[in-house]
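Single-structure report; data block below.
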Amino acid sequence: APYAFLSGGTDGTDGPTDAAGAVFGPAIWEQIRAKQFDPRAFLADNDAYHFFEPAGGLLKTGPTGTNVMDIGIVLLPG
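Residue numbers (the working numbering): 57 to 134.
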(Lines of atoms letter the chains of each structure in order from A and count residues from 1; the text may use other names and numbers.)
(Lines give C-alpha, C1' and ligand atoms only; values in the text may rest on other atoms or scores of the structure.)
Protein backbone atom coordinates (compact mmCIF):
# COMPACT_ATOMS: atom_id res chain seq x y z
CA ALA A 1 0.00 0.00 0.00
CA PRO A 2 1.31 3.50 -0.80
CA TYR A 3 2.61 5.73 1.96
CA ALA A 4 4.66 8.92 2.19
CA PHE A 5 6.53 10.80 4.89
CA LEU A 6 7.74 14.38 4.67
CA SER A 7 10.00 15.97 7.25
CA GLY A 8 10.95 19.60 6.81
CA GLY A 9 12.09 22.63 8.69
CA THR A 10 13.18 26.08 7.64
CA ASP A 11 14.01 29.44 9.10
CA GLY A 12 14.11 30.94 5.61
CA THR A 13 17.72 30.05 4.74
CA ASP A 14 18.09 26.33 5.67
CA GLY A 15 21.55 26.47 7.17
CA PRO A 16 24.62 25.02 5.43
CA THR A 17 22.71 23.12 2.71
CA ASP A 18 20.11 23.92 0.07
CA ALA A 19 17.62 21.40 1.50
CA ALA A 20 14.83 22.14 3.95
CA GLY A 21 14.02 18.46 4.51
CA ALA A 22 13.19 15.26 2.66
CA VAL A 23 10.31 13.14 1.50
CA PHE A 24 10.26 9.35 1.70
CA GLY A 25 7.98 6.79 0.09
CA PRO A 26 8.08 3.69 -2.13
CA ALA A 27 9.66 5.45 -5.13
CA ILE A 28 12.46 6.91 -3.01
CA TRP A 29 13.02 3.55 -1.31
CA GLU A 30 13.39 1.85 -4.71
CA GLN A 31 16.01 4.43 -5.74
CA ILE A 32 17.90 3.87 -2.49
CA ARG A 33 17.79 0.09 -2.93
CA ALA A 34 18.94 0.38 -6.56
CA LYS A 35 21.97 2.35 -5.38
CA GLN A 36 22.61 -0.29 -2.68
CA PHE A 37 22.82 2.34 0.04
CA ASP A 38 23.08 1.17 3.63
CA PRO A 39 20.81 3.50 5.64
CA ARG A 40 22.69 2.65 8.85
CA ALA A 41 25.93 4.15 7.53
CA PHE A 42 24.25 7.46 6.67
CA LEU A 43 22.43 7.46 10.02
CA ALA A 44 25.71 6.88 11.88
CA ASP A 45 27.20 9.89 10.04
CA ASN A 46 24.08 12.06 10.58
CA ASP A 47 24.08 12.52 6.79
CA ALA A 48 20.51 12.62 5.52
CA TYR A 49 21.50 14.97 2.69
CA HIS A 50 23.72 12.49 0.85
CA PHE A 51 21.27 9.67 1.57
CA PHE A 52 18.25 11.40 0.00
CA GLU A 53 19.92 13.57 -2.67
CA PRO A 54 20.81 10.81 -5.18
CA ALA A 55 17.30 9.34 -4.81
CA GLY A 56 15.56 12.66 -5.50
CA GLY A 57 14.07 12.88 -2.03
CA LEU A 58 15.34 16.26 -0.86
CA LEU A 59 12.91 19.11 -0.28
CA LYS A 60 14.50 22.21 -1.82
CA THR A 61 12.48 25.40 -1.51
CA GLY A 62 15.20 27.99 -2.00
CA PRO A 63 15.45 31.01 0.29
CA THR A 64 11.96 31.88 1.52
CA GLY A 65 12.71 34.50 4.15
CA THR A 66 10.03 32.95 6.34
CA ASN A 67 10.33 30.91 9.52
CA VAL A 68 7.87 28.02 9.34
CA MET A 69 9.94 26.03 11.85
CA ASP A 70 9.39 22.24 11.61
CA ILE A 71 6.72 20.14 9.94
CA GLY A 72 6.22 16.40 9.61
CA ILE A 73 3.51 14.83 7.47
CA VAL A 74 2.69 11.12 7.19
CA LEU A 75 0.26 9.85 4.56
CA LEU A 76 -1.09 6.33 5.02
CA PRO A 77 -3.63 4.41 2.97
CA GLY A 78 -7.13 4.56 4.39
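Positions of the beta carbon are idealized from the N, C-alpha and C atoms, including for glycine.
Query: Give the range of the beta strand (DSSP E) segment to which residue 132 is assigned.; Result: Where residue 132 is concerned, there is no enclosing beta strand (DSSP E), given that its DSSP letter is neither H nor E.
Query: Considering only their Cβ atoms, is the gap separating residue 119 from residue 107 smaller than 8 Å?; Result: no
Query: So, with DSSP's three-state summary, where would you put residue 98?; Result: helix
Query: Which residues bound the alpha helix (DSSP H) around residue 83?; Result: 82–90
Query: Inspect the beta-carbon positions of residue 59 and residue 77 and report whether they are closer than 8 Å.; Result: no
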